Amino acid sequence: MAFYAYDEEECPIHASLAVKGERYYCMECFLPVKARNRRALSSHFYHTRTSPKCRLYSKTEDHLLAQLQLEKLFPPGAIQLERPFLDISRIADACWEEKKIVFEIQCSQLEIPEATARIKDYASQGYRVVWLLHDRLFNRKATRPVELFLRQGLAYYIHIERGLTSLYYDQFEVLAHGKRLKKGKKLPIDLQAPHFLAKLEWKDFFPKQVLDRVASDPFYFKGDRLNKALIAHYSPGAAMSMEHWRILEVDLGRRPKRPGRLRGWFLLYIGYPYMRMLAQLGAK
Ligand SMILES: [Zn+2]
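Residue numbering for the sequence shown follows numbering that gives the first Met the number 0, beginning at 0 and increasing consecutively.
In structure tokens form, the structure reads like this:
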């Protein structure tokens with residue numbers, strides 16, 4: 000399903016302006032599509048024939064809904080949905096022209112080569128990809144390599160709610176051995192507030208997930224993990240939380256199993272405070 004399709008003259012047209020009896024073609028696979036009006040979802044085009052390889056064909060209702068909600072989040076006209084990039088034969092879910100950002104809403108699985116190709120293609124046009132991973136499929140207990148890969152860069156989670164606004168969020172987490180071993184609370188992010196990261200010195204107490212993000216792309220949104228890590232540069236409370244995640248990464252990442260209850264209690268009340276004390280002594 001898609002909001003736009005080509006008419007006979009290959010001009011993109013919105014589904015709400017489609018005329019009955021006219022022919023329309025998918026912007027990605029060029030197979031015939033038809034317009035449909037559904038009150039709950041607004042007008043969209045659907046394929047009249049199966050086209051499993053077409054990305055627009057495989058888009059679900061949740062996907063369209065998330066696109067509309069994302070568009071509404073910004074001032075009118077700021078976001079362009081299904082913006083075609085002809086040079087790289089791609090159609091961005093949503094494009095923020097002013098900031099050169101492409102939002103990719105991911106409601107289905109994908110492989111690392113496809114994810115890398117998309118990032119590279121948009122970069123060649125001067126655009127940065129921000130992934131919004133649908134948390135019905137991602138952010139689950141089992142993690143696939145692609146989620147690990149995307150989460151090292153600019154990828155957040157999206158919780159899509161019908162009739163409500165979607166929640167865009169980040170979180171601290173420990174991913175290891177194909178599993179999500181630990182996740183922190185949801186950190187709502189402000190997609191309208193992107194920032195470049197200034198060059199900073201990152202001390203030893205920062206968790207790997209923060210350092211990976213910095214190395215991958217020094218760019219962040221208000222409220223995300225990187226934003227929290229910035230606060231830790233001057234707030235001792237936030238710095239302690241960073242260290243907590245660093246220790247969890249080391250400890251949980253080392254062993255395939257979570258610690259038993261006794262070991263967990265020992266670490267929490269004796270082990271971690273002791274390690275923290277040692278780290279503080281070392282920092283002096
Ligand atoms: Zn198609």
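Note that the Cβ used here is the ideal one computed from N, Cα and C, for glycine as well.
Bear in mind that the values here come from a model prediction, so they are computed numbers and not experimental data.
* Got a sec: does ligand 1 put a non-hydrogen atom nearer than 8 Å to the Cβ of S107? -> no
* Ends of the alpha helix (DSSP H) at I111? -> 111-123
* For P206, does the count of other Cβ atoms within 10 angstroms reach 16, so buried, or fall short, so exposed? -> buried
* Asked: What is the C-beta distance between Q151 and R212, in whole angstroms, given that I count them as a contact (C-beta under 8 Å)?
  -> 7 Å
* Candidates Y155, C25, Y219: closest to E8 by CA position -> In terms of CA proximity to E8, C25 leads the group Y155, C25, Y219.
* Asked: How about P102: is its Cβ closer than 8 Å to a heavy atom in ligand 1?
  -> The identity of residue 102 in the sequence shown is Phe, whereas the question assumes Pro. Checking every heavy atom of ligand 1 against the Cβ of F102, none is found closer than 8 Å.
* According to the Cβ coordinates, are A77 and W95 closer than 9 Å? -> yes
* Euclidean distance between Cα positions of S88 and P11 -> 14 Å
* How big is the Cα-Cα spacing for H224 and K52? -> The sequence shown places Arg at residue 224, not His. The straight-line gap from Cα to Cα measures roughly 35 Å.
* Asked: Among residues of its own chain, excluding the 5 on either side of F137, which ones have a beta-carbon nearer than 6 Å to its beta-carbon?
  -> E146
* Could you say which of K221, Y219, F204 lies nearest to A237 if we only look at CA atoms? => Out of K221, Y219, F204, F204 has the C-alpha closest to the C-alpha of A237.
* To do: Kindly examine ligand 2 and report whether one of its heavy atoms sits closer than 8 Å to the Cβ of V129.
  => The model depicted lacks ligand 2 and carries ligand 1 instead.
* Where P217 sits in the DSSP three-state scheme -> coil
* Asked: Hey, is the region 42-57 in contact with the region 125-144, meaning 3+ C-beta pairs nearer than 8 Å?
  -> no
* Asked: From G177 to Q170, what does the alpha carbon distance come to, in whole angstroms?
  -> 18 Å
* Cross-strand partners of I269 (DSSP beta bridge) -> Answer is none; I269 lacks a bridge partner.
* Identify whether P235 lies in helix, strand or coil by the three-state DSSP scheme. => It is helical.
* **Same chain, Cβ closer than 6 Å to L317, neighbours up to 5 away in sequence not counted** => This structure cannot settle anything about residue 317, because the visible part of the chain is limited to 0 through 283.
* **Sequence ranges, beta strand (DSSP E) only - wholly within the region 137-218, length at least 3** => 154-158, 166-169, 172-175, 178-182, 189-195
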